[in-house]
Every structure is written in structure tokens, then in C-alpha cells.
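J.:
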Amino acid sequence: MSDYSGIWILAEQSAGRVLGISHELLTRGRELADKRKVPLSAVLLGNNVSEADLAELIERGADQVILAEHAELDAFRPEPHTRVMQRLVEKYHPEIIIAGATSTGRTLMPYLAVKLHAGLTADCTVLDIEPGTGNLLQTRPAIGGNILATIKTPEARPQMATVRPKSTRPAMRQAGRTGEIIREPVADDLLSSGISRVGFVKDESTANISDAKAVVAGGRGFKTSEKFKMVYALADELQAAVGASRDAVDRAWITYPHQVGLSGKTVTPGLYVAIGISGAIQHLAGMQTAETVVAINNDPDAMIFSVADYGIVGDLSEVMPVLLERLRERREAGASQSEEAGG
Amino acid sequence: MNIIVPIKQVPETNAVRMDEATGTMIRDGVVSIINPLDLYGIELAIELRERFGGRATAISMGPPKAEEALREAIAMGLDDGILLSDRAFAGADTWATAYALSQAIRKIGDYDVIICGERATDGDTGQVGPAIAAFLDLPVASYISKFEDFSEGQMRLHRLVEDGYEILQVGLPCVLTVVKEVSNPRLPTLRGKQKARKADLPVWNAADIEADPTLVGLKGSPTRVVKIHRPKVSRQCEKALANDEASTDQAVRGLLDLLEKRELI
Ligand SMILES: Cc1cc2nc3c(=O)[nH]c(=O)nc-3n(C[C@H](O)[C@H](O)[C@H](O)COP(=O)(O)OP(=O)(O)OC[C@H]3O[C@@H](n4cnc5c(N)ncnc54)[C@H](O)[C@@H]3O)c2cc1C
Ligand SMILES: Nc1ncnc2c1ncn2[C@@H]1O[C@H](COP(=O)(O)O)[C@@H](O)[C@H]1O
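Top to bottom, those sequences are chains A and B.
Every position in the first sequence, counted from 1, becomes a number in this note's numbering once 126 is added.
So that you can map any letter, position 70 of the second sequence is 50 in this note's numbering, and since no number is skipped, the others follow by simple counting.
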């Protein structure tokens, strides 16, 4: 067990560019590495990765980047990625591996944990080191956010965890910070897969909800798809992504990738505006970690108010137009002001 | 096309009540249901079986009571159900759960596709599907949102990822984990219910699936839950009533003030 040392974060890339989740993981990893007084490595599998992006991983806190590049590692496929990771783990023996709870991390990590006979905890919100033992303490919400469970892996190594995207800030960039980039060769026999990616349909609307700084979400309270369009209008004004309750998705007012909650996405934006949403526990599970929550609902006892910072008790058909109008006025006032300043 | 659908019985989350003193879930009187996200997998299995023939079998690891979930899956239209139940399985984490399920799948032997839910609403990890694939050395296509077609031994599938949908070709045998978009679960029929009531459900224990006793249940689980507590909801909601023009105006103004103060607009 003591042969295992060092903290790894699993950086992610797409088409050679390092993704933002990697920088969030560096924040987590740096804290743990400092507590354990061990080096922090960013491990990255991909192809033709931007040199500037690699250097940025070091500037943002990695002591080392371990890079495995191959054309076949460009798109994520579980078996080749797992085999390459397994080789790296067997070579370097890290004590902890942290990945994002992304479509890649959530698939690769459990596959890898089985191969390594390691313990894995999903969707951690807090990671810490247990004083004395040096074990990783992993805290995660369970049962729809009703409880928080703290989990550890006393024996098996490495200790593995995924963390939700947007649950930490990206690590700060320190210009001139130095570190090592290690390029690991990839043997061809690791790369076979039963899966091939033959196409991709980009749907930006699916992305921006998990990544957005602000989310405006609508629920059944809107009653018609026509009225639901006010959600988009407000999102526009607030430069926010559009979210929805399951009931709104079930009524086809909006597509499933926008659903927030237990069977949809978990979001952690700076601002979450819930309109005509009752705040069922399954919905709360997906948004209660937002920094500021605003609710508009005509039922003063709606559960959503229990997780809100500011609530408007009223009919959305009355409140929304006024809110939209005020925001528009404010924007236009701001625009003419800066025009004056400019002219 | 022979299909295996691992399903989990979970407490109905709407009804979850917490013991404030101990921070644990009150299980008494809580209704158990099929993990709602497994219904989409059950439906996809039925549709694939209807189109391509073969058998579709549900398996579940859990207490004897979990046979209810299997009967419900049969009532919806699956052909058989197998229950994995043994005291030795108790306390399993996702590693040990996937190990036991994969041993059972090995014993069934004749399969082409294994369809898991995206995650279980109680454990809520989404790890068991990929982990089963790892034990069986199969490819896993996760977050599948659409089945397009099947020809020459390859399935064409859509996979929901952060910025869109991947189109995948996946060879059999394979493991899929599916999201809600993949199907519209049907309700059990009367005939299905009759069939389910009469169905003979084998119960397999650790020895039946030739499980290594050190790898099942709590003993086989690398992780340990060391503490459980209830998250505190520490928000103080400032409520503004908007029931006429003046109060609406004021409520909206209050909101804008807050957003400005917190630099959100
Ligand atoms: C296993 C499982 C998983 C689930 N997963 C999810 C999930 O991921 N996401 C999710 O959202 N739900 C999920 N649900 C469903 C959840 O339990 C609720 O049914 C759902 O969230 C309710 O959606 P809603 O708030 O839009 O509708 P409702 O509960 O009907 O609430 C509508 C709200 O609008 C208000 N309203 C009505 N008219 C007006 C008006 N004119 N002005 C202002 N307010 C008005 C009402 O007071 C009410 O509070 C899940 C359920 C289960 C069992
Ligand atoms: N005890 C179990 N028995 C059968 N299938 C299970 C069990 N636990 C999990 N699964 C399957 O694995 C999926 C993911 O579960 P989880 O990893 O627990 O979130 C579920 O949707 C089921 O398809």
C-alpha cells in the first residue's frame, strides 16, 4: 500500500484542446497533494494535444503531465482508454485518481476500478485527507440529496473518485510555474475496441446547461408550450442556459438534455431561477448546490422556496412580463450610458 | 438477440423520510419499486426482442423481496427473471455488486446485449453498468439515448454527451447503459401480470454463481461508508408577495437589487 504515492487527476481533451474540467480537477488535486505532501500529476490521453494547453496544466498546479498520445485515443472509447490507464497506474502507482463526473469519467473510472480492483466513489462534493491514516475521505450526496455519506477505501489502492463538474473553481494560473511533461508511448495492442465513433451531432443546447454560470428553469406552472417561451426570453436577458423540470420535459415543451434533477442533469451555477417548479425532491437533487437560487411560484408553501434565497410568490404570467420589462430597461439604459461615455 | 437486463429494486424516493436523530432513512412502510431509470432499459429490451427475436431476461441482486421487481418486469414483457439473493451479498458496493451480477451473467452464458439503467435512484452512482462490462471484458456504450438499427452484428446507437450526441457502431456482445430518451416504457398488461404471477423465478446464491466468497458483499467491497449525515439547508428565503401591480413591481425590484448586489447581472 505504501508503494502507492502521488495524486493524479484525469485531464480531458477534445480534438487536441484540454477541457475546462481539467482545471477544476487541478484545484481538487492541488489541495490533496499539498495535504499529503506528494506531487500532483495531470494524466491526459488524446492525440496532438496543444503544447500551450499542456503548459497551462502545469501553470495551473500540476507538477507533472503524463501524456499518452495516439490517433486511436482521440475519441473516448472505454476499452482502449482503460488499458492505457491501467498500464500507467501499474507503472507509477498513484495513491489517488480523481476524474470529472462527465460522460467520459463516469464510464472510464468504473471500468478501470474493476480492472485495478480499486474502490471508486461517484459524484463526490468534498474530498479530504483523513488525519493520521492519510486516507482519502470522499463525501457525496445520496438518496436524492437527502443524505451526505462519507466514504473511504481503507485497503485498496489507488483510491478513486469522480467529482461533479462546476463543483469547484478552476485552479488559478501562475505564469512561469514549471513542471515536467512525460510522454508515454502507447502500444498498438492496447487499442482494439468493440466501439467505433462514426459520427457526431453537435447540440450546444445540451452543453451549456451543465457549464452555464446561470440557469433559468421552467416547470409545469407554465401550462402551455407557448407560455414556456418566456423561460427562453428570461434566459436571454440573464445570459443563462435554459433548464426544466421533468414535467416540462414530459410535456415536450423542451428536450430531455435540459432536464434538471435526479434523472436529468446536476447543475451548480452561480444563479438558478426556478419558475413554476414545485421543488420536488428529485428536482432539488439536481440544483440545490447552486450558489444563488431564485423562485417564482404562486403557491407560498412550494418546496422550492425552502432552497431559495429570494422568492416571488405570485402568478408567473403577471410577474414574468414585468421582470422581463425591467431587465430590458436596465440593459438599454446601460447601453445608452456606455454610448454616452464612448461619444 | 438474447438480452439481459439488470434491474434494481429501490425505495420510492417520493416517500423517503429521514430519521432526524440518526440521519438514516426510515425504511418501514416505504414502498419499493423498480429503479425508475431501469424501466427505459426494460422497454428497449422488449422492443429489441420483438424486432430481432431471442429472449430477454431480468436479473436482480437483492433481498428476497426483490422478486417483486422481477415479476413487474415480466408483466411489462420480459421473458424471465432471475434473483440473486444470499446473505453473503449484503453490504456490497458497486464493485462487489457488479462482480456478483457478472458471475450470474456468465452462468446464463447465452447473451448478446446487457442493458443497464443510467443509475439507480438510491445508490445513484451509475457505476454498475460499466463495471459489469469490465468484469466480462465487453465494450460498454454508456448514456445511450437512441437505438437506430442493427445489421451485420453491429448496433448503431446515439450516445448523449456534454456537447451533443455521438453516433456509435457497437459490436455484440456488449453492455449498454441507457438514458430516459431511449424509450417510452409501456405499462404492464393484464396478460403480462398473469404470466408474471405464475413465472418460476430461480434464486441463485453465491455458490450457484461460483462467486469467490472474498469478493462478494461487504467483504468484497473496496469502499466503506464511514459517516452519514444530513445536509443542512441553510438558505433563508426572502419572500416577496406579488398579487397586484404595485406589489409585483416591488417584488421584481427586490429581485433585481439582490442580483445586482451579488453581481449576477
Ligand atoms: C425516480 C424519479 C425521478 C425523477 N427525476 C426528476 C428530475 O430529474 N427532474 C425533475 O424535475 N423531476 C423529476 N421527477 C419528478 C418530480 O417528482 C416532480 O414530479 C417534478 O419535478 C414536478 O415538476 P414541476 O415542478 O414542473 O411540476 P409541479 O410539481 O406540478 O409544480 C408546478 C408548480 O408550478 C406552480 N404554478 C402553477 N401555476 C403557476 C402560475 N400561474 N404561476 C406561478 N407558479 C405556478 C405550482 O404552484 C407548482 O408549485 C422524478 C420523479 C421520480 C419518481
Ligand atoms: N442490485 C442490483 N441488481 C441488478 N442490477 C443492478 C443492481 N444495482 C445496480 N444495477 C444496475 O446498474 C445500474 C446502475 O446502478 P448504480 O451503479 O447503482 O447507480 C442500474 O440502473 C441497474 O441496471
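Every residue gets a Cβ at the ideal spot worked out from N, C-alpha and C, and that includes glycine.
Everything numeric in this text was worked out from a predicted model, so none of it was measured.
Cβ of Met41 (chain B) versus every heavy atom of ligand 2: is any distance shorter than 7 Å?
T.: Counted from its first residue, the second sequence places residue 41 (chain B) at position 61. Answer for Met41 (chain B): yes, Cβ within range of ligand 2.
J.: Please state the DSSP three-state secondary structure of Tyr130 (chain A).
T.: Here residue 130 (chain A) refers to the residue found at position 4 when the first sequence is read from its first residue. Note: Tyr130 (chain A) maps to coil in three-state DSSP.
J.: If the cut is a Cβ gap below 8 Å, which residues of chain A does Cys96 (chain B) touch?
T.: Counting from one through the second sequence, the residue named residue 96 (chain B) turns up at place 116. Here the premise fails: no neighbours, minimum Cβ distance about 11 Å.
J.: Got a sec: which bits of the stretch 285 to 304 of chain A sit with their beta carbon under 7 Å from any beta carbon on chain B, in order along the chain?
T.: Of all residues in the stretch 285 to 304 of chain A, none has a Cβ within less than 7 Å of some Cβ in chain B.
J.: With 16 other CB atoms within 10 Å as the buried threshold, where does Pro426 (chain A) fall?
T.: The sequence position of residue 426 (chain A) within the first sequence is 300, counting from 1. Exposed, because fewer than 16 other Cβ atoms sit within 10 Å of the Cβ of Pro426 (chain A).
J.: At the level of alpha carbons, what is the spacing between Ala68 (chain B) and Gly200 (chain B)?
T.: As a working note, residue 68 (chain B) is residue 88 in the second sequence. As a working note, residue 200 (chain B) is residue 220 in the second sequence. Roughly 10 Å between the two C-alpha positions.
J.: CA-CA distance, Phe348 (chain A) and Gly402 (chain A)?
T.: What you label residue 348 (chain A) is simply residue 222 of the first sequence in a count that begins at 1. What you label residue 402 (chain A) is simply residue 276 of the first sequence in a count that begins at 1. Roughly 6 Å separates the two Cα atoms.
J.: In or out: Ile(-17) (chain B) buried (at least 16 other Cβ within 10 Å) or exposed?
T.: What you label residue -17 (chain B) is simply residue 3 of the second sequence in a count that begins at 1. Classification of Ile(-17) (chain B): buried, given that the 10 Å Cβ count is 16 or more.
J.: Going by alpha carbons, who is nearest to Glu132 (chain B) out of B:Asn164, B:Ser125, B:Tyr145, B:Pro153?
T.: Here residue 132 (chain B) refers to the residue found at position 152 when the second sequence is read from its first residue. The shortest Cα separation from Glu132 (chain B) among B:Asn164, B:Ser125, B:Tyr145, B:Pro153 belongs to B:Pro153.
J.: Cβ-heavy atom distance between Lys391 (chain A) and ligand 2 below 7 Å?
T.: As a first step, residue 391 (chain A) must be located in the first sequence, where it is residue number 265. Not under cutoff, so the answer is no.
J.: Quick check on Val252 (chain A): buried or exposed, where buried means 16 or more other Cβ atoms within 10 Å of its Cβ?
T.: On the first sequence, residue 252 (chain A) is found 126 positions in, with the first residue counted as 1. So Val252 (chain A) ends up on the exposed side.
J.: On a CA-only basis, which of A:Asp254, A:Tyr382, A:Glu198, A:Ile438 is nearest Val162 (chain B)? Give me that one, please.
T.: Within the second sequence, residue 162 (chain B) is the residue found at index 182, counting from 1. Nearest of A:Asp254, A:Tyr382, A:Glu198, A:Ile438 to Val162 (chain B), Cα basis: A:Tyr382.
J.: Between the Cα of Gly226 (chain A) and the Cα atoms of A:Glu458, A:Thr153, A:Ile255, which residue gives the shortest distance?
T.: Taking the first residue of the first sequence as position 1, residue 226 (chain A) is located at position 100. Comparing Cα positions, the closest option is A:Thr153.
J.: Could you pull the DSSP bridge partners for His41 (chain B) from this structure?
T.: Within the second sequence, numbered from 1, the residue matching residue 41 (chain B) stands at position 61. Before going further, note that residue 41 (chain B) is Met rather than His in the sequence given. Paired residues: B:Leu64.
J.: Are the C-beta of Ala231 (chain B) and some C-beta of chain A separated by less than 8 Å?
T.: Residue numbering aside, residue 231 (chain B) sits at position 251 when the second sequence is read from its first letter. Yes - at least one Cβ of chain A is within 8 Å of the one on Ala231 (chain B).
J.: Might you give, ordered along the chain, the residues of its own chain that have their beta carbon closer than 8 Å to the beta carbon of Thr208 (chain A), omitting 5 neighbours on each side?
T.: As a working note, residue 208 (chain A) is residue 82 in the first sequence. Counting only Cβ-Cβ distances below 8 Å, and skipping sequence neighbours, we find Leu234, Tyr237, Leu238, Lys241.
J.: If distances are taken between C-alpha atoms only, which option among B:Thr203, B:Asp180, B:Leu244, B:Val206 comes closest to Thr37 (chain B)?
T.: What you label residue 37 (chain B) is simply residue 57 of the second sequence in a count that begins at 1. For Thr37 (chain B), the nearest C-alpha among the options comes from B:Asp180.
J.: Return helix, strand or coil for Pro(-9) (chain B), following the three-state DSSP convention.
T.: Walking along the second sequence from the start, residue -9 (chain B) turns up at place 11. Residue state, collapsed to three classes: strand.
J.: Is Lys45 (chain B) near ligand 2, with its Cβ less than 7 Å from a heavy atom?
T.: As a first step, residue 45 (chain B) must be located in the second sequence, where it is residue number 65. Lys45 (chain B) Cβ: outside cutoff for every heavy atom of ligand 2.
J.: Helix, strand or coil for Thr259 (chain A)? Go by DSSP, reduced to three states.
T.: Reading the first sequence from its first residue, position 133 is the one you call residue 259 (chain A). Three-state DSSP puts Thr259 (chain A) in coil, outside helix and strand.
J.: Less than 8 Å between CB atoms is the rule here; does Tyr237 (chain A) satisfy it with respect to chain B?
T.: Translated into the one-based positions of the first sequence, residue 237 (chain A) becomes position 111. With 8 Å as the cut-off, Tyr237 (chain A) counts as an interface residue toward chain B.
J.: Specify whether the stretch 441 to 450 of chain A and the stretch 11 to 28 of chain B touch according to this definition: at least 3 beta carbon pairs, one from each stretch, less than 8 Å apart.
T.: Contact fails: fewer than three Cβ-Cβ distances are below 8 Å.
J.: At a threshold of 7 Å, does Arg290 (chain A) count as lining ligand 1 (C-beta to nearest heavy atom)?
T.: The residue given as residue 290 (chain A) occupies position 164 in the first sequence. False, no ligand heavy atom lies under 7 Å from that Cβ.
J.: If distances are taken between C-alpha atoms only, which option among B:Leu140, B:Leu236, B:Val159 comes closest to Gly325 (chain A)?
T.: Counting from one through the first sequence, the residue named residue 325 (chain A) turns up at place 199. Considering only alpha carbons, the answer is B:Leu140.
J.: Strictly under 8 Å for the Cβ-Cβ distance: is Phe115 (chain B) near chain C by that measure?
T.: No chain C appears in the structure shown, which is made up of the protein chains A and B.
J.: Does the Cβ-Cβ distance between Ala178 (chain A) and Ile135 (chain A) come in under 8 Å?
T.: In the first sequence, counting from the first residue as 1, residue 178 (chain A) sits at position 52. In the first sequence, counting from the first residue as 1, residue 135 (chain A) sits at position 9. In this structure, Ile135 (chain A) does not lie closer than 8 Å to Ala178 (chain A) by Cβ.
J.: Within 8 Å, do at least three Cβ pairs link the stretch 196 to 205 of chain A to the stretch 72 to 80 of chain B?
T.: With the cut-off at 8 Å, the stretch 72 to 80 of chain B and the stretch 196 to 205 of chain A do not touch.
J.: Let me make sure I understand the geometry here. Which of A:Ile269, A:Ile273, A:Ala244 has the alpha-carbon closest to that of Leu262 (chain A)?
T.: Translated into the one-based positions of the first sequence, residue 262 (chain A) becomes position 136. Among A:Ile269, A:Ile273, A:Ala244, the Cα nearest to that of Leu262 (chain A) belongs to A:Ala244.
J.: For Pro(-14) (chain B), list the residues DSSP reports as bridge partners.
T.: Working through the second sequence from its first residue, we reach residue -14 (chain B) at position 6. According to DSSP, Pro(-14) (chain B) bridges with B:Ile39.
J.: So, helix, strand or coil for Glu52 (chain B), using DSSP?
T.: Indexing the second sequence from 1 puts residue 52 (chain B) at position 72. Residue state, collapsed to three classes: helix.
J.: Does the separation of the CB atoms of Met252 (chain B) and Val108 (chain B) fall below 8 Å?
T.: No statement about residue 252 (chain B) is possible, as the shown extent of chain B runs from -19 to 245 and does not include it.
J.: Please list the terminal residues of the continuous alpha helix (DSSP H) segment that includes Gly440 (chain A).
T.: What you label residue 440 (chain A) is simply residue 314 of the first sequence in a count that begins at 1. Note, Gly440 (chain A): premise wrong, no alpha helix (DSSP H); beta strand (DSSP E) at 436 to 440.
J.: Who are the near neighbours of Val375 (chain A) in its chain, counting only those whose CB is closer than 8 Å to its CB and skipping five residues on each side?
T.: Residue mapping note: residue 375 (chain A) aligns to position 249 of the first sequence, counting from 1. These residues qualify, in order along the chain: Thr381, Tyr382, His384, Gln385, Gly390.
J.: On the DSSP bridge list, what partners appear for Thr265 (chain A)?
T.: Locating residue 265 (chain A) in the first sequence gives position 139, counting from the first residue. DSSP lists A:Val252, A:Thr276 as partners of Thr265 (chain A).
J.: Which residues in chain B sit within 7 Å of Arg452 (chain A), going by Cβ to Cβ distance?
T.: Position 326 of the first sequence holds residue 452 (chain A). What Arg452 (chain A) touches in chain B: Val232, Leu236.
J.: Distance, Cα to Cα, Glu157 (chain A) vs Ser293 (chain A)?
T.: Start at 1 with the first residue of the first sequence, and residue 157 (chain A) comes out as number 31. Start at 1 with the first residue of the first sequence, and residue 293 (chain A) comes out as number 167. About 14 Å.
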